[in-house]
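Chemist: Structure below; questions to follow.
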Amino acid sequence: MLKEILADPEFKEGEAWFRHAFKAQDVLVKESDIGNTLFVIEKGSLRVTGLVGLEQKKQLQAGFCDLKEGDIFGESCLHEIHRRTATVTAISEGCAWEIVGDKLNEYFEKHPDLGYLFYKKLFVILTERMKSANHRIENLLAWGLRAHDIERHL
0 MLKEILADPE
10 FKEGEAWFRH
20 AFKAQDVLVK
30 ESDIGNTLFV
40 IEKGSLRVTG
50 LVGLEQKKQL
60 QAGFCDLKEG
70 DIFGESCLHE
80 IHRRTATVTA
90 ISEGCAWEIV
100 GDKLNEYFEK
110 HPDLGYLFYK
120 KLFVILTERM
130 KSANHRIENL
140 LAWGLRAHDI
150 ERHL
């Protein structure tokens with residue numbers, strides 16, 4: 000669906016969206032930067048990471064997930080200028096579309112049928128991400144309980 004929108008002359012490249020080529024190790028989005036765009040991977044693969052605080056003010060850049068062709072990221076900045084919640088770094092060479100949130104929302108005001116389909120698909124994506132995150136949290140919690148021998152206190 001986004002390919003159709005990007006092909007629409009009404010949704011202008013260089014104004015409403017931009018194409019970015021990237022090489023392995025390029026950072027497309029940095030955690031805590033301000034943004035108002037979302038990205039779609041046209042080709043290539045990316046890794047989503049974030050800083051995790053450890054004891055004694057140490058930090059670790061932990062990997063959350065890998066993204067591939069067709070995946071969307073940066074959607075938390077879709078409706079307003081917002082701080083990025085993770086860093087996204089290229090694993091391979093590729094290309095991504097950067098879509099300006101305000102322009103996309105203006106387009107959906109004129110084409111509500113496409114807006115409905117887009118947000119319906121985005122809801123499915125976010126629900127799957129939440130399920131995956133919950134599963135990872137459960138596994139980390141179980142690991143932490145075992146590592147600290149909590150079972151002996153139960």
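So the sequence shown is numbered by numbering that gives the first Met the number 0: it starts at 0 and just counts up by one.
Glycine included, each C-beta is placed from N, C-alpha and C at the ideal position.
For clarity, every value in this text was computed on a predicted model and none was experimentally measured.
(1) Identify the continuous beta strand (DSSP E) that holds ILE98 and give its terminal residues.
(2) Am I right that LEU1 and VAL39 are in contact with their C-beta atoms under 8 Å? What's the rounded C-beta distance?
(3) Provide the residue span of the beta strand (DSSP E) that contains LEU37, from first to last.
(4) First and last residue of the beta strand (DSSP E) that includes PHE10?
(5) Count Cβ pairs between the region 91–108 and the region 9–22 that sit closer than 8 Å; are there 3 or more?
(6) Starting from GLY49, follow its DSSP beta bridges and name the residues at the other end.
(7) Is ARG83 helix, strand or coil by DSSP?
(8) Would you mind sorting ALA89 into buried or exposed? The rule is 16 or more other CB atoms within 10 Å of its CB.
Modeler: The structure says:
(1) For the purposes of this step, residue 98 is identified with residue 99 of the sequence shown, where counting begins at 1. Run containing ILE98: 93–99, per the beta strand (DSSP E) assignment.
(2) Residue numbering aside, residue 1 sits at position 2 when the sequence shown is read from its first letter. Residue numbering aside, residue 39 sits at position 40 when the sequence shown is read from its first letter. Rounded, the Cβ-Cβ distance is 6 Å, consistent with contact.
(3) Locating residue 37 in the sequence shown gives position 38, where the first residue counts as 1. Unbroken beta strand (DSSP E) run through LEU37: 36–42.
(4) Within the sequence shown, residue 10 is the residue found at index 11, counting from 1. From DSSP, PHE10 is part of no beta strand (DSSP E); its letter is neither H nor E.
(5) yes
(6) The residue given as residue 49 occupies position 50 in the sequence shown. According to DSSP, which records beta bridges pairwise, GLY49 is partnered with ALA61.
(7) Your numbering for residue 83 matches position 84 in the sequence shown. Residue state, collapsed to three classes: coil.
(8) In the sequence shown, the residue the question calls residue 89 occupies position 90. Buried.
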